[in-house]
Amino acid sequence: MKTQIKKDDGTGTEAQETSGPAGVDLDSTNRHCYSAPLRLRGGGNDDESDMSQTGSTSGDMVAGNSKKRGPTSPGGQPTKQSRSSKKSSEISDLIGWIEHTIIQEKEKKRIGIQTAEKLLININKLRTATATLAHENSRLAGEVEGKDEALQQSLTIFIEKLDIKNAEASSLKIELDALKTTAAVPRPTVTQQSTYAAKAAKTPASTKATPKNAKAPPAKSKKAAEMEQLNKSRQVKATSRFIVEIPQDMSVADAKAGVWQAVRSRNSKSKAKTIVSGRSLIIIPDDSNYQEELTECLLAQNEELGLTAEDMSNSRPLHKLGPRDSDVVHWVVEVPPSVLAKIENKALYIGMTRCRCKLHSSLPQCYNCQQYGHTAKICEQTAPTCRRCAGAHDSRTCSNELIKCANCKGPHKASSAGCKAKSQAKRSLLRRTDFGQQ
Numbered sequence: 413m414k415t416q417i418k419k420d421d422g423t424g425t426e427a428q429e430t431s432g433p434a435g436v437d438l439d440s441t442n443r444h445c446y447s448a449p450l451r452l453r454g455g456g457n458d459d460e461s462d463m464s465q466t467g468s469t470s471g472d473m474v475a476g477n478s479k480k481r482g483p484t485s486p487g488g489q490p491t492k493q494s495r496s497s498k499k500s501s502e503i504s505d506l507i508g509w510i511e512h513t514i515i516q517e518k519e520k521k522r523i524g525i526q527t528a529e530k531l532l533i534n535i536n537k538l539r540t541a542t543a544t545l546a547h548e549n550s551r552l553a554g555e556v557e558g559k560d561e562a563l564q565q566s567l568t569i570f571i572e573k574l575d576i577k578n579a580e581a582s583s584l585k586i587e588l589d590a591l592k593t594t595a596a597v598p599r600p601t602v603t604q605q606s607t608y609a610a611k612a613a614k615t616p617a618s619t620k621a622t623p624k625n626a627k628a629p630p631a632k633s634k635k636a637a638e639m640e641q642l643n644k645s646r647q648v649k650a651t652s653r654f655i656v657e658i659p660q661d662m663s664v665a666d667a668k669a670g671v672w673q674a675v676r677s678r679n680s681k682s683k684a685k686t687i688v689s690g691r692s693l694i695i696i697p698d699d700s701n702y703q704e705e706l707t708e709c710l711l712a713q714n715e716e717l718g719l720t721a722e723d724m725s726n727s728r729p730l731h732k733l734g735p736r737d738s739d740v741v742h743w744v745v746e747v748p749p750s751v752l753a754k755i756e757n758k759a760l761y762i763g764m765t766r767c768r769c770k771l772h773s774s775l776p777q778c779y780n781c782q783q784y785g786h787t788a789k790i791c792e793q794t795a796p797t798c799r800r801c802a803g804a805h806d807s808r809t810c811s812n813e814l815i816k817c818a819n820c821k822g823p824h825k826a827s828s829a830g831c832k833a834k835s836q837a838k839r840s841l842l843r844r845t846d847f848g849q850q
C-alpha cells in the first residue's frame, strides 16, 4: 500500500492519501491541524502573540493553558485573584476562542455570513449575561463577607462579656465558699446543769404491754376531740384557797361586801379572784361612793401598771353597760391618753375581781332618725325614719317587704353591722378621739 503526503504551506494543513481501499488500514479522511495563533476580542498581530511559539495544536487556546498571564508587577508577586474572578476569566477566554473560531470559519467561507453574524450576536449576548452574572456574584460575595465580619465582631464582643460574667461568677463562688467555711467553724458548746424537769423528761414513761391482737382506737376528728376536752374540763372540781359560808338571812352581795371590808382592813393592796361555788359571788359594792372607790382600787391594787394619783384625778367613770340591777356590770371610764396607754388590754384588779380593760368603741345609733352619734332621747328630728325600709314611719309598724338602709341606701337594715355608713362613722369617731399620737 502506497501513501502520499501532500503539504500546503499556505494553509498549514497536511493531507494523506492511500491507494488501498476506503476504510482499510489507514483512515482516508482529511485531517486538519491549525497552528495559527488564536486572537481574542480586540484583535492583535499573530507575531506579537506567545501562541506563535507553540507547536501544532488541536484548536485549544494557548493563552488559556499558560501559567503566567502577564509580567510580574514591579512591586513583587502578582495579585492573587479570587475564585469568582478566575472563573470569569476562564469563561471570557472560552467565549473569545469561540468568537475567534467563528471569524476564521467565516473568512474561510466554511459557514454562511448570516449564520456567522447571528452566532456573533448571540456570543455578545452571552458575554453580556456572563459579565452581569459575574458582577452579581461579586456583589453577593461582598455582602456575605461583610456579614461575616459583622458576625465575627459580635461574636468577639459576646465572648468578652461572657468572660467577664464568668469571672464575676467565679469571684462570687469563692466568696460563697468562704462564707460556708466560716459558718462551718464549730462554736464552743455551753453545758448547762441538768434540772429536775430535764431529768424527768428524759425518764421514759412506763407503758403497759398491749396484746398483739389489740386493735387501735378509731381516729377522732378535731371537733370531737375538742368537745371531749371541754366536757372533761367541766367535770373537774374547782378548788379555792378559802370558802366563805353565807348565812341564809344574808345576800351574796352583802357577804361579798363584808369579806371585802375585812380584807381591806388587813391589807389595802390585796389581790384576789372571785370564788365560784354554787351561787356567783362577784364584788359589786352597793354604796353610792363606788365611783371614788373604783379609782382608789385602780391606784392601790395595780402598782405594776405605773398609775399615779394625778392619772386617777384626771380619770372619771362615765356610765354602766349591761343590766343596771345585775351583780356584774361594765363601767365605761374616761381616761387621758397617757393612762390609756398603761391600762389598755391589761389585767386589772378591782377589789376581789380580776378584769381586763379594753377600749370602748361602741357607736350610739338613734332609733328615731337612724343616724349615728346620738340617741333617740336627744334626737332633733320630729318624723321617725324606718330602720327596715327607710320610710317615713315607725320601725315597729313597718310591713314593707323591701329592705333598704336609711344611711347608705344598701339592701340591708340601718342597724346592720356591715353598713358602710357605720364603718365610716366609726372611723370618724376614732379620728376625733385623742390617743396621744404626736
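434 is the number that the numbering used here gives to position 22 of the sequence shown; each next residue is one higher, with no gaps. Don't be surprised by glycine CBs; every beta carbon is placed ideally from N, CA and C. Quick caveat, the model's predicted, so the values are computed rather than measured.
Buried or exposed: where does residue 799 fall if 16 or more other Cβ atoms within 10 Å of its Cβ makes it buried? Residue 799 is buried by the Cβ-count criterion.
Give the straight-line distance between the Cα atoms of residue 720 and residue 810, rounded to the nearest whole angstrom. When rounded, the distance between both Cα atoms is 54 Å.
With a cut-off of 8 Å on the beta carbons, I'd call residue 841 and residue 771 a contact; round off their distance for me. With 8 Å as the limit, residue 841 and residue 771 do not qualify as a contact, their Cβ atoms being about 11 Å apart.
Residue 786 versus residue 754: straight-line alpha-carbon distance, rounded: Cα to Cα, residue 786 sits roughly 29 Å from residue 754.
Distance between beta carbons of residue 733 and residue 744, contact taken as under 8 Å: Residue 744 to residue 733, Cβ: 6 Å. Contact.
Would you kindly work out how many angstroms separate the C-alpha atoms of residue 861 and residue 667, rounded to a whole number? In the structure as shown, the chain starts at 413 and stops at 850, and residue 861 therefore has no counterpart that could be examined.
Tell me, please, whether the CB atom of residue 531 is closer than 8 Å to any CB atom in chain C? As a matter of chain content, chain C is missing from the structure shown, which is built from one protein chain.
Check the C-beta distance from residue 746 over to residue 728 and give it rounded, since I have them as a contact under 8 Å. Right, their Cβ atoms sit about 6 Å apart.
Report yes if the C-beta distance between residue 804 and residue 820 is below 8 Å; otherwise report no. In this structure, residue 820 does not lie closer than 8 Å to residue 804 by Cβ.
Bounding residues of the alpha helix (DSSP H) (the contiguous stretch that carries residue 749): From DSSP, the alpha helix (DSSP H) with residue 749 extends over 749-755.
Within 8 Å, strictly: CB atoms of residue 726 and residue 748: Taking 8 Å as the Cβ cut-off, residue 726 and residue 748 qualify as a contacting pair.
Whole-Å CB distance - residue 778 paired with residue 802, under 8 Å assumed: Rounded, the Cβ-Cβ distance is 14 Å, inconsistent with contact.
Give the secondary structure of residue 759 by DSSP, where H, G and I count as helix, E and B as strand, and everything else as coil. Residue 759: strand per DSSP, three-state reduction.
With distances taken between CB atoms, is the gap from residue 709 to residue 670 smaller than 8 Å? Result no, Cβ atoms of residue 709 and residue 670 do not sit closer than 8 Å.
Determine the DSSP secondary structure at residue 805, reduced to helix, strand or coil. Residue 805: coil per DSSP, three-state reduction.
Going by Cα to Cα distance, which pick from 847, 578, 831 is closest to residue 756? Per the C-alpha coordinates, the member of 847, 578, 831 positioned closest to residue 756 is 847.
Within the continuous alpha helix (DSSP H) that includes residue 787, where are the two ends? Looking at the DSSP string, residue 787 is not in any alpha helix (DSSP H), and its letter there is neither H nor E.
Exposed or buried, what is residue 782 when buried is set at 16 or more other beta-carbons lying within 10 Å of its beta-carbon? Residue 782 should be labelled buried.
Taking all protein chains shown into account, decide if residue 526 is buried (16 or more other Cβ within 10 angstroms of its Cβ) or exposed. Residue 526 comes out exposed.
N-terminal and C-terminal residue of the beta strand (DSSP E) that residue 733 is part of: Here the beta strand (DSSP E) through residue 733 covers 728-733.
Relative to the C-alpha of residue 504, which candidate in 572, 807, 657, 536 has its C-alpha closest? Taking the Cα of residue 504 as reference, the smallest distance to any Cα among 572, 807, 657, 536 is reached at 536.
Continuous beta strand (DSSP E) stretch holding residue 744: start and end: Judged by DSSP secondary structure, residue 744 falls within the beta strand (DSSP E) whose first and last residues are 742-746.
Closer than 7 Å: residue 755 CB and nearest the ligand GDP heavy atom: With respect to small molecules bound, the structure shown includes none, and the ligand GDP cannot be examined in it.
For residue 838, which residues from the same chain have a beta carbon less than 8 Å from its beta carbon, with the 5 sequence-adjacent residues on both sides left out? So the list reads 773, 775, once near-sequence residues are dropped.
Residues of its chain near residue 690, where Cβ-Cβ distance is below 7 Å and the 5 sequence neighbours each way are ignored: Interpretation of residue 690 is limited by its pLDDT of 47, a score under 50 that renders its predicted location unreliable; the figure taken from the coordinates is listed afterwards. Nothing listed; no residue qualifies.
CA-CA distance, residue 383 and residue 566? In the structure displayed, the chain extends from 413 to 850; residue 383 sits before or after that span and is not available.
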